[in-house]
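**Student:** Just dropping this structure here.
Protein chains: 2
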Amino acid sequence: MQHVQTETSPPLSARTVGARDCAVFEFGASRINGVRSRFERNEEIFGQDEQAEHVYVVHSGAVRTVRYSSEGRRQIVCFHLPGDVFGVEFSPRHAFAAEAVNDADVLVLRRSSLERAAAETPATGAALLALAARQMHEAQEHAMMLGLKGAGERVAAFLTRLAGRFADRSALDLPMSRADIADHLALTIESVSRAFTQMERDSTIALPSARRVILRDWRALHQLQSA
Amino acid sequence: MQHVQTETSPPLSARTVGARDCAVFEFGASRINGVRSRFERNEEIFGQDEQAEHVYVVHSGAVRTVRYSSEGRRQIVCFHLPGDVFGVEFSPRHAFAAEAVNDADVLVLRRSSLERAAAETPATGAALLALAARQMHEAQEHAMMLGLKGAGERVAAFLTRLAGRFADRSALDLPMSRADIADHLALTIESVSRAFTQMERDSTIALPSARRVILRDWRALHQLQSA
DNA sequence: CGTAACTTTGAGACGTGTCAAATAGCGTGG
DNA sequence: CCACGCTATTTGACACGTCTCAAAGTTACG
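If you read the sequences in order, they're chains A and B.
So the first sequence is residues 1 to 227, counted in the working numbering.
So the second sequence is residues 228 to 454, counted in the working numbering.
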């Protein structure tokens, strides 16, 4: 339902900003103008408690939204892949920070543009509401997972959800490090690594390299999740 | 900002439904008509995946919103105290169930009434948005707590938040059982009990009875939370 | 006053975190 | 193109915390 579409450079209008391209985001029934911006690995896209003046769409790469506890430990709220909208807030400020996991192209929209489109076009308003509903649901699923599941089950659930995002369900390339996964699942790097190793031993997955995962036994993966 | 106000029975209009009273809920800048309904301890107010046709306000007592995992374990998403709105959804169906913790009086509003008021009155729409933002924020705080904190810290944080809801910050009467607290904090009953006992040993709190908590050392309580 | 539900306490098992070290992968510069 | 060094990942041994199971104690209510 969401689709990012980079405009082919019109030869007559010289863009004034070197590294930035204009682009259009199709959301609901509206087309919203934005600016394409590149962020390098680990670069901050917006900070926690910053004024939420923009809304973002991942064009390529991956983005993480992250919160830091008072003691400095971090929790990764969510990973965002191409096509995902992030940074949408109900309040005037961002509740968390966003950082590029890898080098990433991000479409930056004015928040007011999106809100105006949502107010003017019912279908767009509905899409925005649906987006909020999904976010809410995911936040609660996440809390439930952290409370109810063990290390192995969390990792299995994580892989399953991630694989569901891609066309090829038999293999996936993880954009993020073990540390990122650990902070998302509220585990240590070691526990995540051990979970991967265990699944490889059980022939549930194969690991040609650390970041590449072959999903060999989909059934076992699903069984693990709900353990 | 929210206030429940039971209408004094107008002598001329006979209410047709015996056990139910009409009442008005002041929300944002609107006054919304609803029906006051009583639920007894552990009674279901609405079920998971049920059509979300109503919105609810706690008048007296306490309510829990709850989800069940595929294996039957339950997680209490949130406790709702007098004045709290619950059951507000973005999607057509309820993402969780709601049950009365104790005997509780609940004000039941038509969802459409609230949505109409929000659409017509900007201040009310803003209030609804603020409500959604708070819910979102709390869901994420909760996930963060489950991921980052130990048993003692979770219980301390729980007590602190609960105490903050009442006028008297030096003592509180827990409306819910240890089992409810455990399922909210993703712990076992025993772990919750041990955390209480430990805090009593440290003179952080006193427990005249299982449900009554005297907060003796507010500073220690805050320190515990962030451990 | 008795019974059922709730709470507390104890002992031991299990799982994850911690610390330390070995290994693999990757980009950089010679 | 290879060697180097840095970072990421894996593995192991052990400590610590929470869960499990069992039983005693308490409270509320008929």
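Beta carbons are placed, not taken as given, at the ideal position from N, Cα and C, and that holds for glycine.
Please give the ranges of any alpha helix (DSSP H) in the region 145 to 226 of chain A, keeping only runs that are unbroken, at least 4 residues long and fully inside the region.
**Tutor:** Qualifying alpha helix (DSSP H) stretches, in chain order: 151 to 164, 178 to 185, 189 to 201 and 218 to 225.
**Student:** Do Glu-270(B) and Ala-327(B) come within 9 Å of each other at the CB atom, strictly closer than that value?
**Tutor:** Against a cut-off of 9 Å, the Cβ pair of Glu-270(B) and Ala-327(B) comes out as a contact.
**Student:** Compare the C-alpha of Val-282(B) against each of Leu-401(B), Leu-341(B), Trp-445(B) and Phe-254(B) and name the closest.
**Tutor:** That would be Leu-341(B), whose Cα lies nearest to the Cα of Val-282(B).
**Student:** Kindly give me the distance between the Cβ atoms of Gly-28(A) and Thr-121(A), rounded to whole angstroms, as I take these residues to be in contact under 8 Å.
**Tutor:** Between Thr-121(A) and Gly-28(A) the Cβ distance is about 6 Å, and since that is below 8 Å, they are a contact.
**Student:** Please classify Asp-49(A): is it buried, with 16 or more other beta-carbons within 10 angstroms of its beta-carbon, or exposed?
**Tutor:** Burial call: exposed.
**Student:** Nearest CA to the CA of Ile-420(B): which residue from Arg-443(B), Trp-445(B) and Ala-378(B)?
**Tutor:** Here the sequence assigns Ser to residue 420(B), which means Ile is not the residue at that position. When each option's Cα is compared against that of Ser-420(B), the closest is Ala-378(B).
**Student:** Measuring alpha carbon to alpha carbon, tell me which residue in Glu-40(A), His-59(A), Phe-46(A) and Glu-53(A) is nearest Val-24(A).
**Tutor:** Of Glu-40(A), His-59(A), Phe-46(A) and Glu-53(A), the residue nearest in Cα terms is His-59(A).
**Student:** Measure from the C-beta of His-94(A) to each C-beta in chain B and report whether the shortest distance is under 9 Å.
**Tutor:** By this cut-off, His-94(A) is not an interface position.
**Student:** Since Met-229(A) contacts Ala-62(A) with CB under 8 Å, what's their CB separation in whole angstroms?
**Tutor:** Past the edges of chain A, shown from 1 to 227, lies residue 229(A), and the structure says nothing about it.
**Student:** Straight-line CA distance for Ala-119(A) to Ser-339(B)?
**Tutor:** When rounded, the distance between both Cα atoms is 18 Å.
**Student:** Classify Ile-303(B) as buried or exposed, calling it buried when 16 or more other Cβ atoms lie within 10 Å of its own Cβ.
**Tutor:** Per the 10 Å Cβ criterion, buried.
**Student:** Using a Cβ-Cβ cutoff of less than 8 Å, which residues in the same chain neighbour Arg-396(B) once the five nearest sequence positions on both sides are dropped?
**Tutor:** Same-chain partners within the cutoff: Ala-390, Leu-442 and Trp-445.
**Student:** Just checking: is the beta-carbon of Arg-265(B) within a distance shorter than 9 Å of some beta-carbon in chain A?
**Tutor:** No, no contact with chain A.
**Student:** Going by C-alpha to C-alpha distance, which of Arg-38(A), Arg-64(A) and His-222(A) sits closest to Asp-180(A)?
**Tutor:** That would be Arg-64(A), whose Cα lies nearest to the Cα of Asp-180(A).
**Student:** Give the residues of chain B in contact with Ser-226(A), contact being defined as C-beta atoms less than 9 Å apart.
**Tutor:** Those are Ser-296, Ser-297 and Glu-298, listed as they occur along chain B.
**Student:** Compute the Euclidean distance between the alpha carbons of Phe-86(A) and Gln-140(A), then round it to the nearest angstrom.
**Tutor:** Their Cα atoms are separated by approximately 17 Å.
**Student:** Give me, in chain order, the residues of the same chain whose beta-carbon lies closer than 8 Å to that of Phe-221(B); leave out the 5 immediate sequence neighbours on both sides.
**Tutor:** Residue coverage of chain B in this structure runs from 228 to 454, which leaves residue 221(B) outside it and unanswerable.
**Student:** When the cut-off is 9 Å and only beta carbons count, does Gly-391(B) lie next to chain A?
**Tutor:** So, not an interface residue.
**Student:** By the DSSP assignment, the alpha helix (DSSP H) with Glu-270(B) in it spans what residues?
**Tutor:** Run containing Glu-270(B): none; DSSP gives neither H nor E here.
**Student:** From which residue to which residue does the alpha helix (DSSP H) around Ala-279(B) run?
**Tutor:** Premise fails: Ala-279(B) is in no alpha helix (DSSP H) and is neither H nor E.
**Student:** Using only the alpha-carbon positions, how far apart do Thr-351(B) and Ser-318(B) sit?
**Tutor:** One C-alpha to the other measures close to 19 Å.
**Student:** Report the rounded CA-to-CA distance for Phe-46(A) versus Glu-153(A), giving the unit in angstroms.
**Tutor:** Distance between the alpha carbons of Phe-46(A) and Glu-153(A): 32 Å.
**Student:** Give me the subset of the region 123 to 143 of chain A whose CB atoms are less than 8 Å from a CB atom of chain B, sorted by chain position.
**Tutor:** Listed by position, the residues of the region 123 to 143 of chain A near chain B (Cβ gap below 8 Å) are Leu-129, Ala-130, Ala-132, Ala-133, Gln-135, Met-136, His-137, Ala-139, Gln-140, His-142 and Ala-143.
**Student:** Would a check of beta-carbon distances place Glu-316(B) closer than 9 Å to chain A?
**Tutor:** Yes, because at least one Cβ of chain A sits closer than 9 Å to the Cβ of Glu-316(B).
**Student:** Starting from the beta carbon of Gln-75(A), find every residue of chain B whose beta carbon is closer than 7 Å, and list them in chain order.
**Tutor:** The answer, in chain order, is Met-371, Gly-374 and Leu-375.
**Student:** According to DSSP, is Gly-125(A) helix, strand or coil?
**Tutor:** Here Gly-125(A) sits in helix by DSSP.
**Student:** At 7 Å on the CB atoms, spell out the chain A contacts of Ala-394(B), in chain order.
**Tutor:** Those within 7 Å of Ala-394(B) in chain A number zero; the least Cβ separation is about 27 Å.
**Student:** Count the other C-beta atoms from every protein chain shown that fall within 10 angstroms of the C-beta of Arg-263(B), then say buried if there are 16 or more, exposed otherwise.
**Tutor:** Classification for Arg-263(B): buried.
**Student:** Just list the residues that DSSP pairs Arg-343(B) with in beta bridges.
**Tutor:** Its beta-bridge partners do not exist; DSSP assigns none.
**Student:** What residue range does the beta strand (DSSP E) around Arg-67(A) cover?
**Tutor:** Arg-67(A) -> beta strand (DSSP E) spans 63 to 68.
**Student:** Using a Cβ-Cβ distance cut-off of 9 Å, determine whether Leu-159(A) contacts chain B.
**Tutor:** Judged by the 9 Å Cβ criterion, Leu-159(A) is not in contact with chain B.
**Student:** Out of Arg-201(A), Asp-105(A) and Arg-178(A), which one is the CA nearest neighbour of Ser-191(A)?
**Tutor:** It is Arg-178(A).
**Student:** When the cut-off is 9 Å and only beta carbons count, does Ala-186(A) lie next to chain B?
**Tutor:** At least one chain B Cβ lies under 9 Å of Ala-186(A).
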